[in-house]
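Residue numbers (this note's numbering): 2 to 435.
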Amino acid sequence: MEKTLTVMLTIAIILMPYLILIASYQPNRGSDLKIDLGDKSIFVVGRTSSEIHSKLSDYFGKEKVRFTDRFEDLYGKRVNIVISHTSDLYKSKPIQILQILEENKDNGVIFITISNRGVGKEFSDVLGAFLKALKGELPIEIVDITTYGKRRGEALLWDQRIYEAQIVAFSINPFGWFIAEEAGEMMETLLIIIKEFLVSPQPIPIVGATRDAPEDFINSITQNGFNWIGYVGWKTKDIKGYLGDTVGRMYVRVDYYYNSQTVGSTTYKFFLAHVKHSMIGYFSGILNHIPKVFITETDWRTSTYPGQVLFDWGPKNQGGPQSSISFTLTVGLSGASASVTYTASPPASFYWKDQTNPAAGDVKTEHTLASATINVMYTVEPSSIGHLDPNKPGGTEPMLVRHYTKSMLAAGLVYEWADLSFSVSLRSSGVSEY
């Protein structure tokens with residue numbers, strides 16, 4: 002572990018001198034620091050952070066460190082440094098954090114999340130608000146270097162160790178990261194973070210780029226007016242039987258496309274997510290494990306960010322049995338469109354049921370297979386379009402999307418399930434998984 006972390010630290014410094022990754026804590030540094038906050042102040046949010054508030058108040062003075070229960074109390078205030086424990090952080094909504102970041106991005110803001118057990122995967126909501134506040138202009142992403150550049154157009158995967166870290170901090174204006182996998186003495190490490198961010202240099206600009214699909218790109222979608230920006234997949238999950246043996250497998254790939262349309266002075270950005278959800282079942286030596294149910298969900302997260310709006314999706318309604326399903330998605334303003342067709346191998350057929358919640362931006366489709374068999378890969382391809390409305394909260398890049406898939410095999414009266422989920426950040430220039 003120590004060797005791996007050292008390599009990661011070295012590469013991060015080469016990529017960008019103001020990305021700071023701490024693999025382990027060096028004791029007694031914080032007590033030697035002399036930090037002048039100047040006209041900046043610290044807000045500590047949440048009851049479980051009260052001990053930190055007390056120590057910071059003793060160090061900087063009570064007039065420089067303020068305490069509040071709720072993030073809403075920070076609305077309309079000049080905020081420079083925010084510190085919160087994860088157990089309090091998750092009581093808030095990402096849109097509240099986004100508002101605080103956007104209100105203070107011009108005068109600079111540092112956001113610090115702490116947890117003795119690791120910030121957890123739920124931190125992705127806070128991370129999403131940070132990406133939104135940057136409006137897609139992300140100078141550097143903390144990618145897993147073991148997966149970088151595997152295939153043209155493949156989404157960059159964020160290093161998942163970020164969710165295991167005891168402290169994760171980021172800043173806007175200037176841009177910067179600080180990740181402490183082991184925080185040591187929490188107070189002293191916080192002082193180091195504040196010191197480092199206060200002396201950070203200005204960020205460098207980035208230049209966006211468009212992507213062409215790889216030459217070996219095979220797709221069952223016919224599209225007009227969209228630009229392919231990348232993909233995630235194939236993700237794989239074994240489906241386990243009663244005895245723990247592998248009785249089937251599910252696969253998921255999502256391709257993403259981009260289109261924009263300007264109406265008056267407003268530009269609307271459209272993103273198309275084309276999902277391929279596949280499943281195969283095997284003979285276990287006793288029973289045939291036959292593909293039966295696909296549940297495919299793409300959440301455009303309107304309930305979290307009102308500016309992320311579901312525009313179109315398919316297939317709609319319900320139907321079946323049909324051996325083939327076809328539908329067309331359109332962006333009426335620009336004329337961009339996409340047609341999708343997928344077919345079950347005979348004698349199998351599909352039934353489908355649309356369970357979408359448009360107001361929440363949640364596209365959910367359930368397919369049921371009839372007359373399927375083992376050792377055949379079956380695939381469904383429900384797809385949808387979401388757009389960013391810049392006139393609503395959260396309506397700026399990146400578009401943050403979550404995907405959930407569940408697959409069920411039937412072996413007589415025994416049903417075996419597997420599920421997969423992941424989150425992506427979509428920009429007009431590319432895709433990242435975080």
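Quick reminder that beta carbons are idealized off the backbone N, C-alpha and C, glycines included. Since the model is a prediction, treat every value here as computed from it, not as a measurement.
Buried or exposed (CB count within 10 angstroms, at least 16 for buried), residue i
i, result
"K270", "buried"
"N376", "exposed"
"T263", "exposed"
"W301", "buried"
"L414", "exposed"
"N225", "exposed"
"R48", "exposed"
"W314", "buried"
"G360", "For clarity, residue 360 is Ala in the given sequence; the question names Gly instead. A360 should be labelled exposed."
"Y306", "buried"
"A105", "The identity of residue 105 in the sequence shown is Asn, whereas the question assumes Ala. Flag for N105 reads buried."
"S426", "buried"
"A337", "buried"
"Q27", "Legend: pLDDT at Q27 = 38, less than 50; position of this residue unreliable, no value from coordinates given."
"T223", "exposed"
"M378", "exposed"
"F284", "exposed"
"E189", "buried"
"N260", "buried"
"D37", "exposed"
"P202", "Note that P202 scores 39 on pLDDT, short of 50, meaning its location in the model is unreliable; the coordinates nonetheless yield the value given after this. Its Cβ having fewer than 16 others within 10 Å, P202 is exposed."
"A419", "buried"
Alpha helix (DSSP H) segment containing residue i, residue limits
i, result
"E103", "95-105"
"S340", "Segment 337-344 is the beta strand (DSSP E) holding S340; no alpha helix (DSSP H) there."
"L132", "125-134"
"D89", "87-90"
"Y306", "Premise fails: Y306 is in no alpha helix (DSSP H) and is neither H nor E."
"Y60", "51-61"
For residue j and residue i, believed in contact at Cβ under 8 Å, the rounded distance
i, j, result
"S430", "I230", "7 Å"
"A170", "I113", "4 Å"
"G395", "L128", "No, G395 and L128 are not in contact; Cβ-Cβ is about 14 Å, not under 8 Å."
"T406", "V253", "5 Å"
"Q323", "S350", "6 Å"
"G249", "I287", "That belief does not hold up - the Cβ atoms of G249 and I287 are roughly 14 Å apart, past 8 Å."
"F44", "I82", "7 Å"
"D107", "N174", "7 Å"
"G265", "D390", "Contact flag wrong, Cβ pair sits at about 13 Å."
"L1", "A134", "What the structure shows of the chain is the stretch from 2 to 435, and residue 1 is not part of that stretch, so it cannot be assessed."
"T380", "Y343", "6 Å"
"A339", "L273", "6 Å"
"A371", "P292", "Their Cβ separation, rounded to whole angstroms, is 11 Å, which puts A371 and P292 out of contact at 8 Å."
"I115", "I168", "5 Å"
"G121", "Y60", "So it is not a contact: roughly 28 Å between Cβ atoms."
"E417", "G242", "6 Å"
"V310", "H388", "6 Å"
Residue span of the beta strand (DSSP E) that contains residue i, given as start and end
i, result
"V415", "415-428"
"S285", "Counting along the chain, S285 falls outside any beta strand (DSSP E), and DSSP gives it neither H nor E."
"V80", "Run containing V80: none; DSSP gives neither H nor E here."
"D313", "309-315"
"L389", "384-389"
"F176", "Taken as a continuous stretch (DSSP letters only), F176 belongs to no beta strand (DSSP E), as it is neither H nor E."
"R67", "66-69"
"G436", "Since the displayed the chain opens at 2 and closes at 435, residue 436 lies outside it and no answer follows."
"G395", "Looking at the DSSP string, G395 is not in any beta strand (DSSP E), and its letter there is neither H nor E."
"E434", "431-434"
Bridge-paired residues (DSSP) for residue i
i, result
"W353", "G320, H368"
"P292", "L410"
"Y258", "W229, L273"
"D160", "In the DSSP output, where bridge partners are listed per residue, D160 has none listed."
"M378", "DSSP, once it has assigned bridges, lists no residue as partnering M378."
"D363", "D300, N358"
"R403", "D300, S424"
"D239", "R250"
"S279", "Y252, T380"
"S266", "S266 is not bridged to any residue."
C-beta neighbour in chain B for residue i, strict 9 Å
i, result
"K238", "Absent from the structure: chain B. Only one protein chain is present."
Taking contact to mean 3 or more Cβ pairs, one atom from each stretch, closer than 8 Å, check whether the stretch 359-375 and the stretch 61-74 are in contact.
Segments in contact, no.
With three or more C-beta pairs closer than 8 Å as the rule, is the stretch 314-328 touching the stretch 284-297?
Contact between the stretch 284-297 and the stretch 314-328 is absent, with fewer than three C-beta pairs closer than 8 Å.
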